[in-house]
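*Asks:* Basically this note's numbering = 1-based index in the sequence shown + 524. For every residue, glycine included, the Cβ atom is placed at its ideal position computed from N, Cα and C. This structure is a prediction, so every number in the text was calculated from the model and none was measured. Quick one: the structure is below, questions incoming.
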Amino acid sequence: MLYKTPIYLSEFNRRVRGIVVGFLRLYSDDFNAIPALVPPHIEQEYIVRYIIKLNSEFGIMQEKVETEISKLVELKVIIVADAITGKIRV
């Protein structure tokens, strides 16, 4: 998860070699030269559990927001249709 953060991704991009985006390579020496924080194993497990919990909570929130957006879109369609047919005055 650490290596997927924007800071590490930018560091990887800085160290890759190649001529075409799809064929860039990060060699072992370059990869091993990138400093990485390595907390104790127990702390790593805690961090991973915390990230998984947060991702789950964000997923639930995202589903709620998407549901609300779809309801608002439906309401908009109904209001526009009612305005066009003269059921409501605009």
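1) Please report the straight-line C-alpha distance between Val540 and Glu569, rounded to a whole angstrom.
2) Please check the pair Ala560 and Leu526, which I expect to be a contact at CB under 8 angstroms, by giving their CB distance rounded to whole angstroms.
3) Please report how far the alpha carbon of Val601 lies from the alpha carbon of Ile612, in whole angstroms.
4) Between Gly546 and Ile608, what straight-line distance do the alpha-carbon atoms span, to the nearest angstrom?
5) Where Glu592 and Gln586 are concerned, what is the direct C-alpha to C-alpha distance, given to the nearest angstrom?
6) In its own chain, which residues sit with a C-beta less than 6 angstroms from the C-beta of Leu548, not counting the 5 before and 5 after it?
*Replies:* On the basis of the coordinates in this document:
1) 30 angstroms
2) 7 angstroms
3) 13 angstroms
4) 51 angstroms
5) 10 angstroms
6) Val540 and Gly542
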